[in-house]
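Just so you know, the sequences run in chain order P and L.
No gaps in the numbering here: position 282 of the first sequence is 282 in our numbering, and each next residue is one more.
One rule links them: number in our numbering = place in the second sequence (from 1) + 1000.
Yeah, the Cβ is synthetic: ideal placement off N, Cα and C, and Gly gets one too.
Quantities reported herein were computed from a predicted structural model and do not represent experimental measurements.
Notes for the one structure printed next.
Number of protein chains: 2
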Amino acid sequence: MKPFAIDDIFEKRRPREFRRPVTGHEVARSAGVSQSAVSRVFTPGASVSVQTRAKVLAAATKLGYRPNLIASSLITGRSRIVGVVVPGLRNPFYAALVDALSEALSGRDYRVMLFTAWHGTSADPILDEILRYRLDALILVSAELSSRLAEECGEVGLPVVMVNRKTDSEAVSSVTGDNRAGAACIGSFLLAGSHRRFVFMAGLDSSSTSRDREAGFRERLLQAGAVPPLKVHGSYTVEVASRATRELLKARTRPDAIFCANDQMAMAAMDVARSEFGLDVGRELSIVGFDDTQLAASPAYRLTTFSQPVEKMVDNAVAILVDACNGRDLSTGPHIVGGRLVVRDSARLPPRGLSQVGGRTVWTQSAKQSID
Amino acid sequence: MKPFAIDDIFEKRRPREFRRPVTGHEVARSAGVSQSAVSRVFTPGASVSVQTRAKVLAAATKLGYRPNLIASSLITGRSRIVGVVVPGLRNPFYAALVDALSEALSGRDYRVMLFTAWHGTSADPILDEILRYRLDALILVSAELSSRLAEECGEVGLPVVMVNRKTDSEAVSSVTGDNRAGAACIGSFLLAGSHRRFVFMAGLDSSSTSRDREAGFRERLLQAGAVPPLKVHGSYTVEVASRATRELLKARTRPDAIFCANDQMAMAAMDVARSEFGLDVGRELSIVGFDDTQLAASPAYRLTTFSQPVEKMVDNAVAILVDACNGRDLSTGPHIVGGRLVVRDSARLPPRGLSQVGGRTVWTQSAKQSID
DNA sequence: ATGAAAGCGCTAACAG
DNA sequence: CTGTTAGCGCTTTCAT
């Protein structure tokens, strides 16, 4: 009776003429061994005689057997799936990050479950989903997480790693570029290029990244006794950034240097400055970005921007994650990976401090100019 | 004894002081009901009395219960996870596609498991993974799949939808833009703009998309009695496309029109033509792309390109997929969604045929010029 | 080295 | 409407 009952249930679910996936039990029967023998054959460190292994393997390939990972993860308690939450893939920097993450994780035999949230939105509702799927870990790319839920993750033992964002909550590791120092560096660079009227185009105030970049920039300018930057909002989108730039350039006294919290906004600003105001960006107006996305290097922009080393950030994040999944949680807290100011043509050059590194021109503050 | 044994096992796996996720059984005990009552409360269409529901919900929130979707999918046979295979996210067109797919699927209550393969590589090894996870369906974005495995998917009842690629195999649905017609349209457009020396920059010959675009372009040129296009290889990458363009423009007799199989290559070609050869693209040399990615519209490129309606493709793909997951497999085979030639400044304009649609300039072949 | 047996957390008949 | 019961396909003792 049993098989019939099962088949009936099955038929109700898959109304078509499908052979349902073959189970370990079936392989066992076909090979004349026990089901546990089959399991052992497919478990890396298990002890099976060569004969049994051969029999099982033969039967398995004959029947087209593939172990059901869902079932095994139910019992082992680990799914080897990690959730990746990202505010959309339209921003090339995020796309690059997720791409690298996906590759790194699959190299470590983890699968990626992708969640696209919205910019500035909390990851909370998504996280609820994630908790239901019993994922092994969670990576938050440029996404926020309420401390309540962060806590809950800690309680449940779900390792959380934030990438390109940080948080106050302990038990949540984070990997970011050096936003503060990078922004300060840009400040110095612009100062050295004798700019006077600065503007900072923010991303989202809810993002620690944008706040840190603003703080670093502002502080450096203040230290140098310059006029603090005017702050405008670009929302990390080209539409808003374009509008903001338009306003800026329509004003009677224009800024002579705009630092945008990311490359996308910087390129949008360049587009507006060049095509709507006919400005020669790099001579009449300096624009600097942050991230060093692929497009920043293209001849169409040649954007001066602070590089965020995607590979390094990803390696770090994955290392932390893997450690955490294995119970070693040594590395909680913030991790900062350094970057460089990559100098191209979108901002006026300072007289000194330029050097060549790996085919790129970078700027470093010379010793005597150094402030901190 | 039992709980101890379980706890021991648990401790071995999660070496830290974690409370393991609470189970439905625990909620049941705390609420003074049966475990199935708990299950019913969390099953949409089940009948539970208000009192029980209240008791269960109270206990559940108190304990922080979240149903284990892994366990439930083991028994229902559906995971509500679909695999999405894509050759990297660095190509903005793919990123946009995956982004839209992710959003559309999460709207239908499906989760996305992301696999990044490599361009031109078969999805086969990845698919093996996928089969082990018992995903509900598979979406192949611009990725190939051997017919052997496609068949195997059919046998197992795993619905497969290819997006931006097609295949000969039945039982595999595909959604593509109208590559052939689009390429033919570009041919006519270029002809009407009185170009003479054409080149087609291919993506990968293994991609049906590139082949279709080539065929459509070539045929149209031939029909018109023009010299067939010279074919060069761009591999869908900016490096190779740049090199190819360089070679092309170094030659004694330059082409006057280059049709690139995608926007990325077209923009790479523009970069080389402008910055290395000082050419005025759109006057001295015409370059046309395919996809109409976001960047194509930017003032820095203003690329003339055939639009692929991402939203429409995604809606189609998701609809097919959802149908298939529910056993209705009416829509297998190829689906083609149309596009338009979006005219901007990277190619010389023909005297007639231009019109405004939704704020964009598009080109349509006038009746008397029409050939097929 | 191998099989039997006991679950992992959940859903779905089936009685009541 | 609710509890009981029987598994989903697998891993892991525990004897043998």
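Output yes if chain L places a C-beta closer than 8 Å to the C-beta of residue i; else output no.
| i | result |
| --- | --- |
| L69 (chain P) | yes |
| D323 (chain P) | no |
| V27 (chain P) | no |
| D263 (chain P) | no |
| Y379 (chain P) | Here chain P has residues from 1 to 372 only, and residue 379 (chain P) is not among them. |
| G88 (chain P) | yes |
| W363 (chain P) | no |
| E11 (chain P) | Its pLDDT being 37, under 50, E11 (chain P) is placed unreliably by the model, and nothing is read from it. |
| R66 (chain P) | yes |
| S30 (chain P) | no |
| E239 (chain P) | no |
| V38 (chain P) | no |
| P21 (chain P) | yes |
| L127 (chain P) | no |
| E103 (chain P) | yes |
| L74 (chain P) | yes |
| S173 (chain P) | no |
| S79 (chain P) | yes |
Is it true that the CB of residue j sits closer than 8 Å to the CB of residue i?
| i | j | result |
| --- | --- | --- |
| D1292 (chain L) | S1307 (chain L) | yes |
| I320 (chain P) | V161 (chain P) | yes |
| V175 (chain P) | N326 (chain P) | no |
| T364 (chain P) | G353 (chain P) | yes |
| L1074 (chain L) | I130 (chain P) | no |
| L101 (chain P) | V85 (chain P) | no |
| L221 (chain P) | A347 (chain P) | no |
| A31 (chain P) | V48 (chain P) | no |
| G177 (chain P) | M265 (chain P) | no |
| V1318 (chain L) | P1255 (chain L) | no |
| D1128 (chain L) | S298 (chain P) | no |
| L1089 (chain L) | L295 (chain P) | no |
| D109 (chain P) | R80 (chain P) | yes |
| R344 (chain P) | T304 (chain P) | yes |
| G1225 (chain L) | S1286 (chain L) | no |
Using a C-beta cutoff of 8 Å, does residue i count as contacting chain P?
| i | result |
| --- | --- |
| M1113 (chain L) | yes |
| T1116 (chain L) | yes |
| A1095 (chain L) | yes |
| L1191 (chain L) | no |
| V1098 (chain L) | yes |
| P1092 (chain L) | yes |
| E1311 (chain L) | no |
| L1057 (chain L) | no |
| L1063 (chain L) | no |
| V1288 (chain L) | no |
| V1156 (chain L) | yes |
| S1307 (chain L) | no |
| L1131 (chain L) | yes |
| S1373 (chain L) | In the structure as shown, chain L begins at 1001 and stops at 1372. Residue 1373 (chain L) is therefore absent and cannot be evaluated. |
Could you tell me how far apart the beta carbons of residue i and residue j are, in whole angstroms, since I believe they sit closer than 8 Å?
| i | j | result |
| --- | --- | --- |
| A1378 (chain L) | K1166 (chain L) | As displayed, chain L neither begins before 1001 nor continues past 1372, which places residue 1378 (chain L) out of reach and without an answer. |
| N1262 (chain L) | Y1236 (chain L) | 6 Å |
| S169 (chain P) | A150 (chain P) | 4 Å |
| A1096 (chain L) | V1310 (chain L) | 5 Å |
| R1213 (chain L) | F1290 (chain L) | 6 Å |
| V1238 (chain L) | A1268 (chain L) | 4 Å |
| P1087 (chain L) | A1117 (chain L) | 5 Å |
Could you work out which residue in the options is closest to residue i when comparing CA atoms only?
| i | options | result |
| --- | --- | --- |
| V1357 (chain L) | L:A1226, L:D1345, L:R1340 and L:G1216 | L:R1340 |
| F42 (chain P) | P:S72, P:P21 and P:A100 | P:S72 |
| A104 (chain P) | L:T1305, L:L1114, L:K1250 and L:V1343 | L:L1114 |
| A1181 (chain L) | L:G1216, L:G1088, L:V1240 and L:V1048 | L:G1216 |
| S1210 (chain L) | L:R1197, L:N1164, L:P1067 and L:T1076 | L:N1164 |
| F259 (chain P) | P:G193, P:V240, P:R246 and P:G187 | P:G187 |
| R1246 (chain L) | L:E1276, L:T1253, L:P1228 and L:L1222 | L:E1276 |
| G157 (chain P) | L:P1021, L:H1233, L:R1328 and L:D1345 | L:P1021 |
| I1126 (chain L) | L:L1145, L:R1111 and L:V1112 | L:L1145 |
| R252 (chain P) | P:K55, P:G234, P:R197 and P:V112 | P:R197 |
(Q) Taking beta-carbon pairs under 9 Å, can you tell me which members of the stretch 1271-1284 of chain L lie near chain P? (A) D1271, V1272, R1274, S1275 and E1276
Q) What are the residues of the stretch 1133-1154 of chain L that lie near chain P, defined by any Cβ-Cβ distance shorter than 8 Å? A) Y1133, R1134 and E1152
Q: Residues of the stretch 198-225 of chain P with a CB closer than 9 Å to any CB of chain L: list them in chain order, please.
A: none
Q: Below 7 Å between beta carbons is the criterion; list the residues of the stretch 1343-1360 of chain L that meet it against any residue of chain P, in chain order.
A: none
Q.
At a CB distance below 7 Å, what residues from the stretch 244-263 of chain P approach chain L? Give them in sequence order.
A. none
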